[in-house]
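Here the structure comes first, spelled out in structure tokens, and everything after it is commentary.
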Amino acid sequence: MQTAPLSDAAKQKLNAVLSRYPNAMAACLPALHLARAEYGHLGDDVVKLVADHLALPVAHVHGVVTFYTMFRREPSGQNVLRVCTNISCMLRGGYEILGAVERELGIKPGQTTPDGCFTLIEEECLAACANAPMMICGARYFLDLVPEKMPELLAELRQTPQTELV
Amino acid sequence: MPDPGDLVTLEVDGHAITARAGQTIWEAARDAGIQVPVLCHDERLRPVGVCRLCVVDIGGRTLAAACVRPVEAGMKVATASPLVVKQRAVLLRLLLADHPTPCTRERTTGDCALEAEARAAGLLGVADSDSLPRGPVRALDASSPVIAVDLSSCILCDRCVRGCNELQSNDVLTRSGKGYGTTITFDLGLPMGSSSCVSCGECAAVCPTGALTHKPLGAPLRPRAELTAVDTTCPYCGVGCALTVQVDRAENRIVYIDGRKNGHNEARLCVKGRYGFDYTTHPQRLTRPLIRRDTHYPKGGLSADVRGAGAGERGRGRGRRAGGHVDYAEVMPAFREATWDEALDLVATRLGAIRTTHGPNALAGFGSAKCSNEEAYLFQKLVRTAFGTNNVDHCTRLCHASSVAALMETIGSGAVTNVFHDIKRADFALLVGTNTTVNHPVAATFFKEAVRAGTRLAVIDVRRPGIADHAWKFLRQRPGADVALLGGMIHVILEERLYNEPFVRERTVGLDALAAAAAPMTPELAEKISGVPADEIRAVARAFASARAAMIFWGMGVSQHSHGTDNARALIALCLLCGHIGRPGTGLHPLRGQNNVQGASDAGLIPMLFPDYQSVTDPVVRARFEAAWGFALDPVPGLTVVEIMQAALEHRVRGMYMMGENPFLSDPNINKVRKALSALDFLVVQDIFLTETAEFADVILPATSFFEKTGTFTNTDRRVQLGHAALAPPGEARLDWEIICDVATRMGAPMHYDGPEAIFNELRSLAPSLAGLDYTSLEGAGRLWPGDQEILFGDDFPSGKGRLVPTSFAPARELPDAEFPIVLVTGRLLEHWHTGSMTRRSRALDALEPEAFVELHPNDGTHLGIAEGDFVLARSRRGEIVLRARLSTATSEGSCFIPFHFREAAANLLTIDALDPVGKIPEFKFCAVALSRA
Ligand code: SF4
Ligand code: SF4
Ligand code: FES
Ligand code: FES
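Keeping their order, the protein sequence lines are chains A and B. To convert a position in the first sequence, counted from 1, into this note's numbering, add 95. To convert a position in the second sequence, counted from 1, into this note's numbering, add 608.
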């Protein structure tokens, strides 16, 4: 698949970003945010394109992209479910929540449902430990989750998808 | 900020020690004889402190990582307190829980650092560590022909990442992912073999575990302690990397090669130096002298490729094969084995008879820049005394003869004026016609490093070289337009008075003539001829002239033209005009090709010069050599490489001795070379394989490979290094210097030496530049001639003043036309060496680049109906070949690139034997061809 070149608007934004940073490496994250806004997910072509624009090694950009789970290398479903299983959530049943979602949707972390409605991601701490276990979908935080309520919640999301912030 | 000169006193394990301010605790402890264990640290790498094995107690709130923590005055360090030991044990147990023990490294070279530390801590095989939870086994990746990847053993120490990105500046490796899923990956997470990895092996060399290990090449890998370490240099390029060969003496095999830390290459190597050694033990090595059978006269090529069966017979359909080295079944029946006595007698008698009947000038010899200084010296002495002629030359003629001619004429010395390392002190460097990452890979790593530290590169070439990715500007010129482009830069510098007036006044002559020649070459005219925009010409000229210190590096893109000498003259004029010579970070550096091309020239393998560039026409010089050698010497300069071939064709030269050269593939216009070689009355070839040239031989003498030799070799920096024999020669193969002595003695010019040292001392006594170099002092990093000086000509030039020589643009000899519309540029590949006789017999290198190809621009491909991977018929007025197409925008539209390593599609069937009038170098970089789908 050939990726369309950056739009003029995006190029302008990119140059503006670059001008704010001392070097290209520092501008990598904001540049990737721009690319995400433009293309949604960051496939090989997009990673190369960003690396090209910033004159950074593709390996470096790939490293940054894969470090941040908010960046997606593959296309995602309408709802990206980010379920935390880090310590606080784990202690308060985070894995049960994850299991409930897996059962309900029939997918594993990293996968997307065939209807394109959900992508499931297992996350490290999302900084809402006080309300563990929890997950994020789009801009919304779902707190103090209980496994039994998950089917209901997913049905609701199916009706009113929460798209990722761009 | 502490001054690095300051000393601080601290206490380590109760001992008071003194350290330099800015040193790390680890370094200070090491200097005091206390080893703090490390995993992620290596002396050659920037410390990052990620593994925490080196923690020590400095009485702080937490333990400190010794590899990154600087020393402080009065610090009290405990490197093995109970707390430290416990902490280390926990860390080791956690790492071991995920480590497949013993890992690949431990099972092969036996030096897994993790297992060594665990063993030292008494933790190996302790059940407890096994009870920790284990993660999933990570995948193996066997896709690289030289490196085995097993990420289960990876401890994420980042050493490979730093090796790849900081030492070699290849930027292939990174750490990717997060948390437990973190791994090292190649490019976009590709298999190593399909990534942009150039197989330099640095990552495997610095990896402490079995995650990245060298694959075995012909001999099973074993621990260093079971092998013999032999210090020598790399047999390939002029960078002359210092290396240590790990030899299995019982098997007489090289097991693997390590870069040497005390060398100028700082232990870095490229794929050829690290993995291209197994040719030495290839089954096709010649082991007994061979004499041509009577049934195989009149002489001619034997194998289909060399007979010149033609692309017609081989290319369309039948002969389309991956290629490779010669099939011995095709060529061996033409020869019978002989004893050394019989073969040497025959050589001496036949060459002697030609000398008697047709005169000394009917004989000629080609020495080799692959042989040592001692062998080069003896070979030219043999030709000048026993043969009685100056017809002795070697492959320098084909690479930098024009550069050397221009340097001799302008500054009076043909060698580099500064070492390549010094680019680190240059704020600007101009690279012209050099594909450095391919042809001088380890020098290129220092260039890239300099760029990271702030040096600006301007790269000029017809085909975009890899180093252009690191350049401030890349100027793509049309083939053959160098003089115009450089003339345009000179014009700008003169017009804008950017040149160094005091330097030009005091140190040079010829400004007026230079200015007169440059006046018409406005940047606009230069743009018209070269295709480089006038503003770019101005920008680079200004940047070069206004740099504080600038160096010029050039390669065969400059020299291999019928106007190669003019190209080099223009570069030298540019340098002298701006006074960028004789100071740190300045100078002229023609990157020399072969491992001993500098030395072979120094030792006198040149038809007009005795050793150390002393003219054969100078009666005083000649008298000195006559006295030293005891022979009357020919006062007339001899013929050069291509002239000798022409003379053979005309029966003026009738007998030839070739030591380690393969002109059938390396000389231009092979169809003519074939006729010339067939026309010789007598040809003796001394080599390690039955080369294409040897197919025309009457006698073939089995010689020794580089790794079987002890001797001195001089790199591109003028660095003379001593290499030691690592292997015993196979069968009856003999040392080249001994063979030369035997032939000379049989021809009435007795030569007897105890060994290389005695020969080197004789050379030294006749070569003032080498006089100061004591043989034994050449161990280790070697020494530079003259007098160990890196930077030459700070005060004056050997010629007194530097000459500014005017040049004017002239087009190449054969321009494209309707029938042959495309310009052919020949060159080399990273993985191969010259005529491929060594590298195509090295399994790793052959696996990496097995096949001949022509590279052309995708637009030309579309226009000609040629797609990637198609077979293409390439024709010139002189010959034709069939090879695969590769499409790449590296090559400009209207030109194509063909590497000359491949016998089954020899680029030099197409090239033209037009010569530069001064340097006598052939125009390998320009001839007209036609391409079509085969
Ligand atoms: S072999 Fe060299 S280029 Fe390839 S990944 Fe390792 S260090 Fe990098
Ligand atoms: S850079 Fe040259 S000398 Fe060094 S290892 Fe590579 S081929 Fe050998
Ligand atoms: S551990 Fe789940 S939000 Fe912090
Ligand atoms: S060796 Fe110091 S942190 Fe790894």
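From the three backbone atoms N, C-alpha and C, an ideal C-beta is built for every residue, glycine too.
- Across the stretch 148–161 of chain A, CB contacts with chain B closer than 7 Å involve P152, V153, A154, H155, H157, G158 and T161, in sequence order along the chain.
- Along the stretch 773–789 of chain B, the positions whose C-beta sits under 8 Å from a C-beta of chain A are N773, D779, V780, L781, T782, R783, S784, G785, K786 and G787, read in chain order.
- Shown here, A:P246 sits in a helix according to DSSP, grouped into three states.
- Residues whose Cβ lies closer than 5 Å to any heavy atom of ligand 2, listed in chain order: B:C842, B:Y844, B:C845, B:V847, B:C849, B:L877, B:C878, B:K880, B:G881, B:P1049 and B:V1050.
- Less than 7 Å separates the beta-carbon of A:T207 from that of A:G172.
- Nearest C-alpha to B:L1196 among B:L1094, B:V1140, B:I1214 and B:F1401: B:F1401.
- Put simply, the CB of A:V178 is far from chain B, with every gap to its CB atoms at 7 Å or more.
- Bridge pairing for B:Y864: B:Q854 [DSSP].
- B:C765 has its Cβ no nearer than 6 Å to any heavy atom of ligand 3.
- Here the alpha carbon of B:S1385 sits roughly 12 Å from the alpha carbon of B:F1368.
- Taking 4 residues as the shortest admissible run, the stretch 1328–1354 of chain B contains the following complete alpha helix (DSSP H) segments, listed from N- to C-terminal end: 1344–1354.
- With a threshold of 6 Å, the Cβ atom of A:L238 does not count as near ligand 3, since no heavy atom of the ligand is closer than that.
- Counting every other CB atom within 10 Å of its CB across the protein chains shown gives B:A1153 a total of 16 or more, marking it as buried.
- At least 7 Å separates the CB of A:V145 from every CB of chain B.
- The beta carbon of B:V1012 sits closer than 6 Å to the beta carbons of G1022 from its chain, once the five residues preceding and following it are set aside; these are given in chain order.
- Between B:E1104 and the set B:I1068, B:D1069 and B:R1146, the nearest pair of CA atoms involves B:R1146.
- Of the other Cβ atoms in all chains shown, fewer than 16 fall within 10 Å of the Cβ of B:A1426; this residue is therefore exposed.
- For B:C1183, the enclosing alpha helix (DSSP H) covers residues G1172 to L1185.
- With 6 Å as the limit between CB and the heavy atoms of ligand 3, the residues that fall short of it are A:C179, A:N181, A:I182, A:S183, A:C184, A:C220, A:L221, A:A222, A:A223, A:C224, A:A227 and A:M229.
- The beta carbon of B:L759 sits no closer than 7 Å to any beta carbon of chain A.
- Annotation for B:L781 indicates a beta carbon within 6 Å of some heavy atom of ligand 1.
- Around the CB of B:H1259, fewer than 16 other CB atoms lie within 10 Å, so the residue is classed as exposed.
- Here DSSP, grouped into helix, strand and coil, assigns B:T1225 to coil.
- Between the stretch 747–760 of chain B and the stretch 702–712 of chain B, the count of C-beta pairs closer than 8 Å reaches three or more; the two stretches touch.
- For the pair of segments examined, the stretch 1185–1202 of chain B was found not to touch the stretch 1344–1353 of chain B: the number of CB pairs separated by less than 8 Å stays below three.
- Taking C-beta atoms as the reference points, B:D1521 and B:S1170 fail to come closer than 7 Å.
- Not a single C-beta of chain B is nearer than 7 Å to the C-beta of A:V175.
- Sequence-distant partners of B:H707 (beyond 5 residues in either direction) whose C-beta falls short of 8 Å from its own C-beta, in its chain, are L722, E723, S760, S761, I763 and T817.
- Within the same chain, V754 and A756 come within 6 Å of B:K823 by CB-CB distance, once the 5 residues on both sides are set aside.
- Under the criterion of beta carbons closer than 8 Å, A:L127 and A:V160 qualify as touching, at roughly 6 Å.
- For ligand 4, the residues with a Cβ under 6 Å from any of its heavy atoms are, in chain order, B:V646, B:L647, B:C648, B:H649, B:G657, B:V658, B:C659, B:R660, B:L661, B:C662, B:A673 and B:C675.
- A:P125 and A:R167 have their C-alpha atoms roughly 15 Å apart.
- For B:G967, the CB stays at least 6 Å from every heavy atom of ligand 1.
- In its chain, beyond the 5 residues on either side, A1240 and L1241 have a beta carbon closer than 7 Å to the beta carbon of B:E1234.
- The shortest CA-to-CA distance from B:V1293 to any of B:V1431, B:T1312 and B:S751 is the one to B:T1312.
- Proximity of B:L796 to chain A, defined by a Cβ-Cβ separation below 7 Å, is satisfied.
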